[in-house]
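Q: Questions regarding the structure given below will be posed in turn.
Here it is, written out as structure tokens:
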């Protein structure tokens, strides 16, 4: 029964609310969303009434007593008893009331109540009819509204669900006029505020642009609404402002452009409003990503790790640039699977270098060149690099847009690649040879047929080895040197190895043929053990051959591995030499760039040291200890010297850094010498007579060089003493004449200064300048007390003045000039002064014999004898080398490379000897030194002959120093400059005659 | 040639010169404090009486701690007691205070530099204290400590018997990982060390040896330790008065004393050298041996000198017995020259003694061993674990063809083609004859790996007879007997090899097996070494 009551109440409430909603819809359709407040109020009242009714109904059945009373009222017979029972049960039985009677009453009431039906108790018919009537009325009203007022209903419905604008009536006529737009572009564009008066109201702007809209209201209005539609989103309303002035009403609103869409005003009074008949479009202007162009040299495949590359770039953006980065990836450094252009696996990790920082001065374009230093990338030999330029714009509204240029590729050369490949192949051949040898050594001769079968298999193994050799020889072409170029280290290393391999192939081939023939013959008949003998003989010859070949392959491998190590020390030495130059340069300039280059060289040496230690350690497990090198395995103090050098550089103590470099240098020299020694030892033990001859020659040259060095050192000591003595004598003799000499020099300078340049023909101007400079030098040297040098300069000034005077004379004959005669006079006087000065200085200069004591002169005499003996040794060596005649085939005999150096040394030795005999320590030292240099050259030539190495090693400085330039660089510069000119021109005011045309052009653009 | 050489740099003449120089400089610098005590302390140090000197210096320091001369002595004492850092500081300070051109200042500077470099070389070492010795070693060399301790304690007991010397302070022993370290802690250059084959020193109140792992095939390092300890004892008992020839002769004579009686004769290589020297009439004179064997121009000359002085001691012992030798030492301690002391005991003059000794040498019929393989020390260039390279090493084989066969054997063996390797080694051995230690060792090892211990023993035994100072044959024999189950013989050879090349894991693994079978507690130690050394 209670449930029925609930249904009635809720049904009633639903019908009332549905009616109110219908009315609300219609009202919103007619009067706008404001009328919804009325519908809302009505719905609230209806709800309140029903809540009250609900509470009343609930109270009527909320307790046992209330329910009993209700039943008693509806069905008096049963209800009374029920009420009595409820009241009796409500408390303890009163005295005098029989419990049995109460129980009997309970039973009776229970029986009667259980037979009661709720439907009989309450008649719900009227309530249901009322409910039906109410719902029918609502449905009928809805149908009628739908049929008669569909527009209002639809508008109302949409208004109810929040779709803005539609609740306004669309005006038939324009409701605003004189629209003015003020556009405030986003700050990042740097664009000025733009005002568009008399606009159609259509907006074309960048996202983030703030727009102020102002218009004159053409209808009277108390309120204004801006209806804004953005993309697919529902329209929303912004309250506009109304300004009444002088009888006109202006309407204003603000919007920020974010997406394409539209806007319109709605104007109205208290209830209802009309909106503009057409919305004004909002279109987005596009902020395009930057345009990036990178100009770089094509085909960069064989660079060094230290190469520098010139890159040109040009980046433009329509509004403003952000960061511009050079980005690169090194193939093989990561596991990404992109393919580079040439098929190499590209690497994952991108590295970048900023060419223009993101927070740089705002600009729309930038361009320039950048020297990209590969040395800073720490590339390994054979590395492949993909690189491009990446630019961002400065869009802070939608986020920066990124553009990248075309990708270029470069490769670092690996001059050792072919050699490394050959070593790997030779290792495989060695394994094959060893297997073939081992199988033959382990052969057990038994039953003839089985033995023959085994021999057949062994023959096939050797044939397999031959096939492998063929393949290596075929796949390892010897790189050819271009005309006029010396062969590279790789060429020098590969060619002999190929020759050896080919020889092995030929010898094995012959034996395999023999073995095949014997085995075929034996296979035709049933052979006895004795018959197998010829096959066994060939087998034994094969063993001998394989033994020889195996050792040869092992030797080749060992030598090439040691040479690989030495190649690394060469690279370190080259870096050391560059370092010396750089440090000297840095001492003078203190330039940051040089310091950076120094750091690069330090890193290079460190990297090579690491490689050396790695390779040497690997070699340690494969070579007898006697050929290993402790220093190569890291037992050297090079790293220590490097660290100290770096520390000194940081402190700015260049002198100390240079001292550390000297330590490093001597440590590296020691390392190289000791490794050369190991290689020589290896060759001496393992290689041919030629090698031993070269070793012998090198050793003899080293001996002569050693003795020559001693001679040079002694001569240098004597020269020093002679100089000291000269100085002493000069101090005594020269001081009195020095003052006069300086006066003469001053007079000479004055004479030369008096020469009027126009009096000297143009082609002699340079001579005059040089002459004046020499006169200055003369004065300076006199001031410094360097009499010997001053004397030489005085002589050269004399010659120069006379020569110029002659030139003036002949010029005068062809074309007289004013002042020439005077100039000639000055020159003549100058020459006389210089001559006198030279003669005076010459007079006071001690003679060679006077510079040395008699003991020292005797020593020079002895030295001349020793020099003669040394020259004899050098000549004997040359004779021996000549007697050895020509080499094998087209190969020169061993040691011929040293011949030139030896000849040069011989000449200087002869001169040194003469100077020693004439007791001239100064010239003797100079000649002895040159002889020593030539001997060193000869020894190094022999070393090179013994160990192939790249001639350009260490001389790569110049090539590395010059960056790889962009070919036809002007081609990319022209368009960039052209664009730049245009941009610059646009910033400037147009010339008067063109101002109208320019204005029209921009107006067109705006439209 | 001896596998290991030791060095005594400062003989009596050197000491005297030092004292003279010192006192001349002292006259310039000494102040009014106790000159007598000072002189005495200095002399005591010079006489290797360090414990007595320490007491004197302590007294001087108490009263004159800030005097430069006392600081010098104090620094030197600290150096002699192994406190290198403190010694360097003290000596630098003394050098700063002393007149810069004085001899003492120069000596202080040199000793300060030596203290610093010794401190650096020993910084990472761990000390192991025993009854009479404190052994300092680091890294893998700690493995040597128990064996060294055992051998030195035995030597201690034996030499106490021979020389009557006892010590209160534990003796410091340092084991250096590389031969270059020896140059850092002494006044010898690396070149001198490598040329002479010096591998150990007894100097500055301590014993110093280079670890056998610094050499390609090890060296008799336990004999060498004993050799150095003998020097130590002689210096103490003679108050540093014994000249080099007798010092080295006695040390050589006693170097096997830790494992048996002294003497024992020359090894074939030393006998060969001496016999050749006698035949060519080229012997090193006692004077040429001064001031140090390490200064001799080659390892061969050094070895010849050792052979000579060993025989001189054997002759002396034969003439006057061990008691006579003790008397000779006592004579020198009391201030007699070597000639006077020897003459006093032997009779006649020292020249007579030398003449008779040479005649006696002629009667000994020393043998030459043609084709004997030179066993000069070979310092390892690669300090890591032995690799394939050692297997391929055939550099000491003189005959070209045999060398090639041995190389091929090595190439095949490292590839586990054992049967083929054996064929090549056999070819090499056929060319060289039995007894070439390199080939026979490699062939023996190959037979062992092929499971043929009898053939291995047959190949290696002739080599052992000629080269007892090489570990290879002993190791192969030890392993062969182990395979055959003859544990007693196996132990003897394995221990013999271990006393030369203790970083061979096979030795320790073999000994572990033997000791386990006997329930010997040393099994654990060997098991640990076997595990650590096995690659």
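Protein chains in written order, with this note's numbering: chain D, 3 to 1009; chain E, 5 to 539. All residues carry an ideal CB built from backbone N, CA and C; glycine is no exception. Note that this is a predicted model, so its numbers are computed, not measured.
1) Is there at least one non-hydrogen atom of the ligand ZN closer than 7 Å to the beta-carbon of residue 652/D?
2) Would you check if the distance between the CB atom of residue 449/D and the CB atom of residue 509/D is smaller than 8 Å?
3) Would you kindly work out how many angstroms separate the C-alpha atoms of residue 213/E and residue 102/E, rounded to a whole number?
4) If you check the beta carbons only, do residue 514/E and residue 494/E fall under 8 Å apart?
5) To the nearest angstrom, how far is it from the Cα of residue 380/D to the Cα of residue 944/D?
6) What three-state label does DSSP hand residue 645/D in the structure shown?
7) Can the beta-carbon of residue 231/E be found closer than 8 Å to that of residue 256/E?
8) So if I threshold CB-CB distances at 7 Å, which residues from the region 414-430 of chain D count as touching chain E?
9) What are the residues in the region 701-731 of chain D lying within 8 Å of chain E by C-beta distance?
10) For residue 453/D, return the contacting residues in chain E, with the cut-off set at a CB-CB distance below 8 Å.
11) Using a Cβ-Cβ cutoff of less than 8 Å, which residues in the same chain neighbour residue 521/E once the five nearest sequence positions on both sides are dropped?
12) According to DSSP, simplified to helix, strand and coil, what is residue 247/D?
13) Mind checking the region 545-557 of chain D against chain E and listing, in chain order, the residues whose C-beta falls within less than 8 Å of any C-beta there?
14) Contact check, residue 266/D vs residue 229/D under 8 Å by CB: the rounded distance?
15) Nearest to residue 286/E by alpha carbon, out of 265/E, 362/E, 496/E?
16) Using DSSP with H/G/I as helix, E/B as strand and the rest coil, what is residue 541/D?
17) Report the three-state DSSP secondary structure of residue 314/D (helix, strand or coil).
18) If we cut at 8 Å on Cβ distances, does residue 7/E have a partner in chain D?
19) Say whether chain E places a C-beta atom closer than 8 Å to the C-beta of residue 440/D.
20) So for residue 77/D, helix, strand or coil by DSSP?
21) How about residue 445/D and residue 434/D: do their beta carbons lie closer than 8 Å?
22) Output the distance between the C-alpha atoms of residue 31/E and residue 42/E, rounded to the nearest integer angstrom.
23) Quick check on residue 735/D: does DSSP put it in helix, strand or coil?
24) Only counting the same chain, and skipping five residues up and downstream in sequence, which positions put a Cβ closer than 8 Å to that of residue 176/D?
25) How would you call residue 61/E, buried or exposed, if buried means at least 16 neighbouring beta carbons within 10 angstroms?
26) Does DSSP classify residue 197/D as helix, strand or coil?
27) Just list the alpha helix (DSSP H) runs in the region 823-879 of chain D, keeping only unbroken ones of 4 residues or longer that don't cross its boundaries, in chain order.
28) Okay, do the region 267-282 of chain E and the region 238-245 of chain E touch, 3+ Cβ pairs below 8 Å being the bar?
29) Which residue marks the beginning of the alpha helix (DSSP H) containing residue 201/E, and which one marks its end?
30) What are the residues that DSSP puts in a beta bridge with residue 355/D?
31) Have a look at residue 296/E and residue 427/D and give me their C-alpha separation to the nearest angstrom.
32) Counting Cβ pairs, one atom from each stretch, are 3 or more of them under 8 Å apart for the region 290-309 of chain E and the region 211-227 of chain E?
33) Give the residues of chain E in contact with residue 444/D, contact being defined as C-beta atoms less than 7 Å apart.
34) Can you check DSSP and say which residues form a bridge with residue 137/E?
35) Spatial neighbours of residue 822/D within its chain, please: C-beta separation below 6 Å, excluding the five flanking residues on both sides.
36) Below 8 Å between beta carbons is the criterion; list the residues of the region 156-167 of chain E that meet it against any residue of chain D, in chain order.
A: For this structure:
1) By its list of ligands, the structure shown contains no ligand whatsoever, and the ligand ZN lies outside what it can speak to.
2) No. Outside cutoff.
3) Taken atom to atom, the span from the alpha-carbon of residue 213/E to that of residue 102/E is near 34 Å.
4) yes
5) Near 34 Å, if we compare the C-alpha coordinates of residue 944/D and residue 380/D.
6) helix
7) yes
8) none
9) none
10) Neighbours of residue 453/D on chain E: none; closest Cβ ~17 Å, over 8 Å.
11) 491
12) strand
13) 549, 552, 553, 556
14) With 8 Å as the limit, residue 266/D and residue 229/D qualify as a contact, their Cβ atoms being about 5 Å apart.
15) 362/E
16) DSSP places residue 541/D within a helical segment (H, G or I) once states are collapsed to three.
17) Residue 314/D: strand per DSSP, three-state reduction.
18) In this predicted model, residue 7/E has a pLDDT of only 37, less than 50, meaning its place in the structure is not dependable enough to derive any value.
19) Taking Cβ atoms only, chain E reaches closer than 8 Å to residue 440/D, which makes this a yes.
20) coil
21) No. Outside cutoff.
22) Bear in mind that a pLDDT of 48 at residue 31/E, under 50, signals an unreliable position, so the number given afterwards is only what the model happens to contain. Those two C-alpha atoms are separated by around 12 Å.
23) helix
24) Same-chain partners within the cutoff: 220, 278, 279.
25) buried
26) Three-state result, residue 197/D: strand.
27) 850-853
28) Result no; under three Cβ-Cβ pairs closer than 8 Å.
29) First-last for residue 201/E: undefined, no H or E at that position.
30) 328/D
31) 53 Å
32) no
33) Chain E residues near residue 444/D: 423, 424.
34) As computed with DSSP, residue 137/E is found in a beta bridge with 175/E.
35) Counting only Cβ-Cβ distances below 6 Å, and skipping sequence neighbours, we find 761, 810, 814.
36) none
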